[in-house]
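Some notes on the structure that comes next.
Protein chains: 2
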Amino acid sequence: MTPLPRGYLFAGIHSGLRSEPGRRDLALIVSRVPAAAAGVFTVNRVCAAPVQVSRRRVPRADARGIVICSGNANACTGRQGVEDALRMAAVTAEELYCDGEQILVCSTGIIGRPLPMPTLESGIRSAAKRLSDSEAALNDVAHAILTTDTRPKIRYRSLTVGGVEIRLTGIAKGAAMIGPHLATMLGFVLTDADVAADRLQAILRKAADRSFNCISVEGHMSTNDTVLLLANGQAEGASPLAGSDLEAFAVAVEAVCGELAREIANDAEGISHLIMIDVEGARTEEEARRVAKTIAESALVKTAIFGADPNWGRIVSAAGYSGVEFREEDLSLWLGDLLLYDRGMPVPFDAAAASAYLRNNREVCMKLVFTLGTARCRFYTCDLGYEYIRLNAEYTT
Amino acid sequence: MTPLPRGYLFAGIHSGLRSEPGRRDLALIVSRVPAAAAGVFTVNRVCAAPVQVSRRRVPRADARGIVICSGNANACTGRQGVEDALRMAAVTAEELYCDGEQILVCSTGIIGRPLPMPTLESGIRSAAKRLSDSEAALNDVAHAILTTDTRPKIRYRSLTVGGVEIRLTGIAKGAAMIGPHLATMLGFVLTDADVAADRLQAILRKAADRSFNCISVEGHMSTNDTVLLLANGQAEGASPLAGSDLEAFAVAVEAVCGELAREIANDAEGISHLIMIDVEGARTEEEARRVAKTIAESALVKTAIFGADPNWGRIVSAAGYSGVEFREEDLSLWLGDLLLYDRGMPVPFDAAAASAYLRNNREVCMKLVFTLGTARCRFYTCDLGYEYIRLNAEYTT
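Quick look at the structure:
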């Protein structure tokens with residue numbers, strides 16, 4: 000049996016916000032005791048009401064829960080949107096006998112529509128009555144936050160630090176409008192470790208930079224991106240983590256975030272190839288990420304991979320306009336095991352083998368090696384094919 | 000009859016660089032007398048050999064000609080590529096009895112292949128024997144520079160300044176890998192006005208910012224982008240332009256560049272909608288352009304237009320991550336004549352009418368009005384549909 004972190008309750012229900020009968024659209028995540036909470040959010044200037052509300056509430060030491068609705072983003076909804084987000088938190092707090100400030104709020108879905116508050120309010124009250132610490136209830140939450148994702152995304156981890164067994168669970172949703180900056184999509188990581196809120200915030204920031212900020216579907220930054228990390232200290236015998244114990248915990252958080260991020264890219268709308276972009280030998284991690292992101296967001300690179308075409312000139316030229324300074328002779332490029340470009344010069348290669356590599360693998364890898372330093376990053380994206388067009392041209396508002 | 004600027008000769012031939020029988024692939028543009036020359040170039044770190052050669056040669060007062068090949072970009076070709084570009088200029092100069100430095104070089108086509116120099120050299124010599132001042136010869140040049148463009152792009156202008164009739168002709172190629180910064184694609188503007196080289200450079204820079212830097216197909220910056228402007232002073236009775244005459248000339252250059260830029264967006268690979276993005280009320284022209292470019296490069300915006308879906312949340316959220324600071328209440332959005340978003344609040348609108356507007360017009364307009372200042376820009380892009388995917392997935396290297 001999968002060990003869930005101790006001291007958390009879950010509920011995911013159909014409130015009626017979505018019109019599809021029975022489709023889950025409302026979720027509660029509750030900590031039995033006040034938990035340290037950290038969060039990272041979209042930096043889009045046009046950000047949703049729940050983002051405006053939640054980002055003022057973290058980091059904090061006494062979070063009690065998270066309320067999430069899907070199907071409506073509560074974005075571009077003006078003052079009424081903020082009041083509605085505050086009300087979602089307040090109704091949840093009433094049910095938990097805590098303060099509204101202790102509740103964090105998230106929404107995802109269509110932009111520009113007011114929330115149907117009576118539906119949501121009764122939904123929250125009914126979800127609160129079904130809270131459970133079961134894996135089935137967690138699974139309901141993972142389903143309730145999805146939009147066009149084809150499957151829920153859940154990851155588990157446990158580790159022993161200082162003789163105490165600590166557990167982590169992460170869930171996420173992605174699908175499209177994935178163009179990370181600071182954070183993207185919705186993600187929730189829960190742990191029973193005992194970690195101070197400010198340290199938790201630093202750990203989440205770094206983990207998000209290396210995971211959720213290293214994926215892209217089409218580079219469109221969402222209005223609603225939120226990742227929250229709760230730590231309630233309910234592991235048996237837990238005491239506040241510090242030193243190497245805290246570092247081990249941070250590594251585990253990063254691993255959970257990394258796996259969720261990869262899952263989001265791997266379930267991107269219309270995907271037929273998951274593309275892993277490794278950048279090595281850069282001056283800084285930030286520069287490595289900038290190169291990878293520029294390549295990941297090139298429609299020409301993505302359509303070439305979709306068409307199983309080893310068109311390396313598109314990859315190298317995208318690196319060239321990333322804004323990172325380099326000379327051509329600083330750069331080499333591999334596609335899978337094939338060296339295509341060696342320190343600024345094209346290498347004769349077996350084009351049929353390279354094309355077969357792309358045609359026969361759902362997951363493909365390109366590696367760019369610079370001679371500028373030792374920083375690196377691993378970035379995930381997807382290809383761009385007919386199905387992405389179909390989904391996004393036919394998705395009617 | 001179209002008045003060509005005086006004192007220019009043209010030739011566009013099939014040299015054999017392209018394998019399609021008879022398809023023109025090599026062009027010469029020659030000024031009978033030394034001409035002032037200005038140029039703007041890609042800022043991609045990975046830039047083609049002809050860009051490296053030509054950008055060192057402008058601005059200058061004594062240019063004699065331009066040699067251009069299509070089908071091969073001469074990019075990512077190392078030192079040999081630079082030697083080949085220099086050789087293209089040198090062979091042209093031999094034929095014109097001038098110095099190699101007086102010749103500018105451009106290439107466009109596939110990246111990473113060495114130029115077939117014997118083919119090109121004999122092509123240049125044979126083109127030099129066919130130089131002509133006829134409109135047919137100019138038309139041959141306009142064809143010879145094309146890649147996947149579906150049609151040549153030529154514009155004419157004449158104006159009278161200080162009693163002298165001045166003529167301008169511009170030609171360009173585009174199609175894909177269009178993601179402007181400073182300049183993009185190949186463009187050539189020729190005039191018989193008499194303008195000093197440094198003034199010509201300033202005029203071209205500003206015109207390019209407002210035209211070729213205001214278009215995008217998929218945002219992928221090319222390795223070969225080049226726009227050159229020659230002014231040979233061969234208008235009858237021409238004397239050096241200054242003051243308001245120079246301003247009138249600059250307006251004409253900007254008009255020719257603007258029309259060519261619009262033509263490039265309108266002939267983008269796989270296009271079914273030309274999208275005009277007007278941004279008004281911005282703090283600076285640069286900020287207006289940044290907002291427009293971010294929207295123009297969002298796959299979600301482009302697929303929505305392809306699908307005739309008035310999904311304004313995608314437009315507003317793209318403006319939000321453009322990097323330009325604003326509050327939601329600073330922004331209003333029109334689609335055609337329909338107001339969709341009014342100072343931060345959604346406006347109830349006739350969705351069927353909005354969708355019909357997109358479905359029934361090849362050219363569609365969105366207008367974003369900020370309350371931040373008085374700067375504006377007009378930007379052109381295209382939608383993203385199945386045909387772009389087909390062309391770019393099936394284009395095999």
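Chains A and B, in that order, give the protein sequences. Numbering that gives the first Met the number 0 applies: residue 0 is where the first sequence begins, and numbers increase by one. Numbering that gives the first Met the number 0 applies: residue 0 is where the second sequence begins, and numbers increase by one. All residues carry an ideal CB built from backbone N, CA and C; glycine is no exception. Everything numeric in this text was worked out from a predicted model, so none of it was measured.
Beta-carbon neighbours of residue i, restricted to chain A and to distances below 8 Å
| i | result |
| --- | --- |
| residue 447 of chain B | No answer is possible for residue 447 of chain B: it lies beyond the span of chain B, which begins at 0 and ends at 396. |
| residue 319 of chain B | 43, 44, 45, 46, 220 and 222 |
| residue 312 of chain B | 72, 74, 75, 109, 110, 111, 222 and 396 |
Where residue i falls, given that 16 or more other Cβ within 10 Å makes a residue buried
| i | result |
| --- | --- |
| residue 18 of chain B | exposed |
| residue 357 of chain A | buried |
| residue 95 of chain B | buried |
| residue 338 of chain A | exposed |
| residue 70 of chain B | buried |
| residue 392 of chain B | buried |
| residue 422 of chain A | Here chain A has residues from 0 to 396 only, and residue 422 of chain A is not among them. |
| residue 401 of chain A | Not covered by the structure: residue 401 of chain A. The range shown for chain A is 0 to 396. |
| residue 309 of chain A | buried |
| residue 168 of chain B | buried |
| residue 359 of chain A | exposed |
| residue 151 of chain A | buried |
| residue 296 of chain A | buried |
| residue 352 of chain B | exposed |
| residue 113 of chain B | exposed |
| residue 78 of chain A | exposed |
| residue 98 of chain A | exposed |
| residue 225 of chain A | buried |
Neighbour list for residue i in chain E, Cβ cutoff strictly below 7 Å
| i | result |
| --- | --- |
| residue 315 of chain B | Going by chain labels, chain E is absent from the structure shown, which instead holds the protein chains A and B. |
Bounding residues of the alpha helix (DSSP H) (the contiguous stretch that carries residue i)
| i | result |
| --- | --- |
| residue 387 of chain A | 385-393 |
| residue 81 of chain A | 77-95 |
| residue 54 of chain B | 48-54 |
| residue 256 of chain B | 242-265 |
| residue 356 of chain A | 350-359 |
| residue 315 of chain B | 311-319 |
| residue 203 of chain B | 196-208 |
| residue 293 of chain B | 284-295 |
Boundaries (first-last residue) of the beta strand (DSSP E) holding residue i
| i | result |
| --- | --- |
| residue 33 of chain A | 25-40 |
| residue 125 of chain B | Per DSSP, residue 125 of chain B belongs to no beta strand (DSSP E); it is in the alpha helix (DSSP H), 116-127. |
| residue 164 of chain B | 163-172 |
| residue 135 of chain A | Premise fails: residue 135 of chain A lies in the alpha helix (DSSP H), 134-143, not in any beta strand (DSSP E). |
| residue 61 of chain A | 59-71 |
| residue 377 of chain B | 374-381 |
| residue 225 of chain A | 225-230 |
Amino acids of chain B, ordered along the chain, whose beta-carbon sits closer than 9 Å to that of residue i
| i | result |
| --- | --- |
| residue 345 of chain A | 75, 76, 77, 110, 111, 112 and 113 |
| residue 248 of chain A | Within 9 Å Cβ-Cβ: nothing; residue 248 of chain A doesn't reach chain B, min ~32 Å. |
Within chain A, partners of residue i - CB distance below 9 Å
| i | result |
| --- | --- |
| residue 286 of chain B | Those within 9 Å of residue 286 of chain B in chain A number zero; the least Cβ separation is about 12 Å. |
CB-CB length for residue i against residue j, believed under 8 Å
| i | j | result |
| --- | --- | --- |
| residue 270 of chain B | residue 294 of chain B | Not quite, the Cβ-Cβ distance comes to about 17 Å (not below 8 Å), so this is no contact. |
| residue 256 of chain B | residue 376 of chain B | Their Cβ separation, rounded to whole angstroms, is 14 Å, which puts residue 256 of chain B and residue 376 of chain B out of contact at 8 Å. |
| residue 26 of chain B | residue 67 of chain B | 5 Å |
| residue 14 of chain B | residue 122 of chain B | 3 Å |
| residue 305 of chain A | residue 384 of chain A | 4 Å |
| residue 227 of chain A | residue 84 of chain A | 14 Å between Cβ atoms; not a contact. |
| residue 282 of chain B | residue 372 of chain B | 4 Å |
Listed by chain order, chain B residues near residue i by CB distance under 8 Å
| i | result |
| --- | --- |
| residue 391 of chain A | 298, 299, 302, 303 and 306 |
| residue 340 of chain A | 75 and 111 |
Interface residues of chain A facing residue i [CB-CB closer than 7 Å]
| i | result |
| --- | --- |
| residue 324 of chain B | 44 |
| residue 383 of chain B | 388 |
Residue i and residue j closer than 9 Å at C-beta
| i | j | result |
| --- | --- | --- |
| residue 8 of chain B | residue 23 of chain B | no |
| residue 231 of chain B | residue 185 of chain B | no |
| residue 234 of chain B | residue 191 of chain B | yes |
| residue 87 of chain A | residue 130 of chain A | no |
| residue 140 of chain B | residue 28 of chain B | yes |
| residue 366 of chain A | residue 332 of chain A | yes |
| residue 75 of chain B | residue 322 of chain A | no |
| residue 165 of chain B | residue 251 of chain B | yes |
| residue 106 of chain A | residue 47 of chain A | yes |
Contact list for residue i against chain B, beta-carbon separation under 7 Å
| i | result |
| --- | --- |
| residue 327 of chain A | 45 and 75 |
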